[in-house]
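Reviewing the structure listed below.
2 protein chains.
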Amino acid sequence: MSVTENTILEAGSFADVLRQLRRLVTSGEMPEDGKLPTEREMAETLGVGRRAVRRALEALESEGLVWRKQGKGTFIGQPPDPTGALAAAIAGQTRASEVAEARLYIEPALAGLCAARAKPDDVRRMRVLVERIHQTADRNAAELWDGALHRMIARTAGNRVLLTAFSLLDEIRASDVWRELREKARDPGSNELYFQQHMQLVDCIERGDVIGAEEAMRAHLNTLSERMRHAIEDSEAGDD
Amino acid sequence: MSVTENTILEAGSFADVLRQLRRLVTSGEMPEDGKLPTEREMAETLGVGRRAVRRALEALESEGLVWRKQGKGTFIGQPPDPTGALAAAIAGQTRASEVAEARLYIEPALAGLCAARAKPDDVRRMRVLVERIHQTADRNAAELWDGALHRMIARTAGNRVLLTAFSLLDEIRASDVWRELREKARDPGSNELYFQQHMQLVDCIERGDVIGAEEAMRAHLNTLSERMRHAIEDSEAGDD
DNA sequence: TGATCGAACCAAAGCATGAATGGTTCGCTA
DNA sequence: TAGCGAACCATTCATGCTTTGGTTCGATCA
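So this is what it looks like as structure tokens:
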């Protein structure tokens, strides 16, 4: 942002509004749906023209802090991706085995492409995520970091169609039924193994080893679904 | 269908209606959107109770000839899949190379699963499609049959998540930009090669050869994208 | 002269209402 | 008992009005 400093001197209209709105947005207050007041309301509340409010919102939008939609409103954060609706639609119809199977085909492909295309900076960020997964004590939080790592690999692969397919899987996994399934499948003894697998995967990606990355991802997913399968069998045996 | 024959004797209401509606549906008449009259209209037109119409429609629906939706109506054929909207959204953002790449990962996976799960009856229908592709003189029509074969393989694979991913690809390929691209890439000399590849693919599927089916599909897609790439380069060279 | 403001208009989205339509239940009749 | 007619329910769609961001224009003031 190259905000002209002199405008601040002018009884503060635009820059003033920008500061106030930025504080409002970043403070994490506001209703849970993240919807801000309308531009007209803000203008009146802040005692300033609508034009000034719009300029401030444009700045915040370019920073990715808010997103706007004509006829809808201004919202905090990033615009929702259209994958969610589709994922919800098919989530109810799919069995766990189908999702695991699909992952076993799509994620190794993404890992391979990622190995071919990742830049040093990408690898560095992946290593940070691997660290976070391993160091986080709270397993729920660790799973969020794990998801972030897989998403990052998918994004770095640089194929939007496969990324959409992955997002579909990711959304299904994020649904409620799956979360509790994963909690059942949790096994503290496996953490060390997961860490080694993650490290091996990122190592392959770093040296551009496509086949190796695919294999590493496949091995990782296999141990995951193995654990999951055991948990399902146990719980089903318990239910009978 | 175990329609009780005696009902026909009773001045024919249900069985009579069923026959009339089946003829109406299979005759390929009706408006292009495939929407049938409302149940109430049909009942009045045929001079019969709504209940009889509903029973007939239930039979036709169980055969997959029509689909119905509360508040919407009764339609000929299969219900549309919800992938369309998402496909349209990402179609504009993706390059041809990305789609080809994604195909190269997803379709071999589907071919492999298909080889593992196809029943003799499925294989028989695939062979019919291969015949049709090869015997149809009109290349536009032949491409429709080709699409049908790939879709059938995807469906027979029996994984709904991967099927959704495939549908996404399929929708993108069906969009206008892609159709004209395929027309440019058309090469009459390749027809014999495509036929052989299709035959080899179905052969692998028939004998449950997972690896072979994957390889065959991969080889097929590679020649396709090879042709496509040449066509793109030629047209770009021509544009300069 | 240049920036800001207020007002008005445009286009996209939401919302409320009513009609159409498949899904369901009830009592009546032959 | 099966069919019929009627009524009611839940979902979907069409319609018109309102909201809201996007845009333009002239007026105002430093």
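In the order they appear, the protein sequences are chains A and B. Numbering-wise (my numbering), the first sequence opens with residue 1 and increments by one. Numbering-wise (my numbering), the second sequence opens with residue 1001 and increments by one. Glycine residues also receive a C-beta, built at the ideal position from the N, C-alpha and C atoms.
Cβ-Cβ separation, residue j to residue i (assumed contact under 8 Å), whole Å
i                       : j                       : result
residue 1231 of chain B : residue 1185 of chain B : 4 Å
residue 128 of chain A  : residue 66 of chain A   : Wrong, their Cβ atoms sit about 27 Å apart, outside the cutoff.
residue 1213 of chain B : residue 1087 of chain B : Actually they are not in contact, since the Cβ atoms of residue 1213 of chain B and residue 1087 of chain B sit about 26 Å apart, beyond 8 Å.
residue 264 of chain A  : residue 83 of chain A   : With chain A covering 1 to 240 only, the question about residue 264 of chain A has no answer from this structure.
residue 1021 of chain B : residue 1043 of chain B : That belief does not hold up - the Cβ atoms of residue 1021 of chain B and residue 1043 of chain B are roughly 11 Å apart, past 8 Å.
residue 245 of chain A  : residue 76 of chain A   : Residue 245 of chain A cannot be examined here, being either before or after the span of chain A that is shown, 1 to 240.
Best match in the options for proximity to residue i [C-alpha to C-alpha]
i                       : options                           : result
residue 191 of chain A  : A/122, A/131 and A/212            : A/131
residue 1206 of chain B : B/1114, B/1049 and B/1061         : B/1114
residue 169 of chain A  : B/1159, B/1095 and B/1041         : B/1159
residue 151 of chain A  : A/161, A/138 and A/166            : A/166
residue 1178 of chain B : B/1112, B/1037 and B/1095         : B/1095
residue 118 of chain A  : A/32, A/104, A/138 and A/154      : A/154
residue 210 of chain A  : A/68, A/60, A/171 and A/109       : A/109
residue 247 of chain A  : B/1023, B/1051 and B/1104         : Nothing about residue 247 of chain A can be read from this structure; chain A reaches only from 1 to 240.
residue 1222 of chain B : B/1099, B/1137, B/1203 and B/1156 : B/1099
residue 126 of chain A  : A/34, A/187 and A/157             : A/157
residue 72 of chain A   : A/34, A/106 and A/189             : A/34
residue 229 of chain A  : A/204, A/181 and A/199            : A/181
is_contact[residue i, chain A] using C-beta, thresh 8 Å
i                       : result
residue 1226 of chain B : no
residue 999 of chain B  : Residue 999 of chain B is absent from the structure shown; chain B starts at 1001 and stops at 1240.
residue 1080 of chain B : no
residue 1156 of chain B : no
residue 1059 of chain B : no
residue 1201 of chain B : no
residue 1177 of chain B : no
residue 1185 of chain B : no
residue 1165 of chain B : yes
residue 1010 of chain B : Residue placement at residue 1010 of chain B is poorly supported in this model, since its pLDDT is 43, which falls under 50; the coordinates are not used for a value here.
residue 1098 of chain B : yes
residue 1105 of chain B : yes
residue 1171 of chain B : no
residue 1174 of chain B : no
residue 1162 of chain B : yes
residue 1052 of chain B : no
residue 1215 of chain B : no
residue 1102 of chain B : yes
residue 1142 of chain B : no
residue 1137 of chain B : no
Residue-level contact to chain B via CB, residue i, 8 Å cutoff
i                      : result
residue 222 of chain A : no
residue 159 of chain A : yes
residue 3 of chain A   : Its pLDDT being 36, under 50, residue 3 of chain A is placed unreliably by the model, and nothing is read from it.
residue 149 of chain A : no
residue 18 of chain A  : no
residue 233 of chain A : no
residue 21 of chain A  : no
residue 193 of chain A : no
residue 13 of chain A  : no
residue 109 of chain A : yes
residue 205 of chain A : no
Where residue i falls, given that 16 or more other Cβ within 10 Å makes a residue buried
i                       : result
residue 1053 of chain B : buried
residue 121 of chain A  : exposed
residue 13 of chain A   : buried
residue 174 of chain A  : exposed
residue 1038 of chain B : exposed
residue 1097 of chain B : exposed
residue 1062 of chain B : exposed
residue 45 of chain A   : exposed
residue 1006 of chain B : Because residue 1006 of chain B sits at a pLDDT of 35, beneath the cut-off of 50, its placement in the model cannot be relied upon, and the following sentence gives the value as read from the coordinates. With fewer than 16 other Cβ atoms within 10 Å, it is exposed.
residue 1201 of chain B : buried
residue 238 of chain A  : Residue confidence for residue 238 of chain A is low, a pLDDT of 49 falling below 50, so the modelled location carries little weight and cannot support an answer.
residue 3 of chain A    : Note that residue 3 of chain A scores 36 on pLDDT, short of 50, meaning its location in the model is unreliable; the coordinates nonetheless yield the value given after this. By the 10 Å Cβ count, residue 3 of chain A comes out exposed.
residue 146 of chain A  : buried
residue 1225 of chain B : buried
residue 1101 of chain B : buried
residue 141 of chain A  : exposed
Residue interval of the beta strand (DSSP E) (run including residue i)
i                       : result
residue 1068 of chain B : 1066 to 1069
residue 156 of chain A  : It is not in any beta strand (DSSP E) - residue 156 of chain A instead sits in the alpha helix (DSSP H) that spans 139 to 156.
residue 1208 of chain B : It is not in any beta strand (DSSP E) - residue 1208 of chain B carries neither H nor E in the DSSP assignment.
residue 1026 of chain B : First-last for residue 1026 of chain B: 1014 to 1026, but that is the alpha helix (DSSP H), not the beta strand (DSSP E).
residue 74 of chain A   : 73 to 76
N-terminal and C-terminal residue of the alpha helix (DSSP H) that residue i is part of
i                       : result
residue 1112 of chain B : 1096 to 1117
residue 1045 of chain B : 1039 to 1045
residue 1123 of chain B : 1120 to 1135
residue 1187 of chain B : No alpha helix (DSSP H) contains residue 1187 of chain B, which DSSP labels as neither H nor E.
residue 1167 of chain B : 1160 to 1174
residue 1053 of chain B : 1050 to 1062
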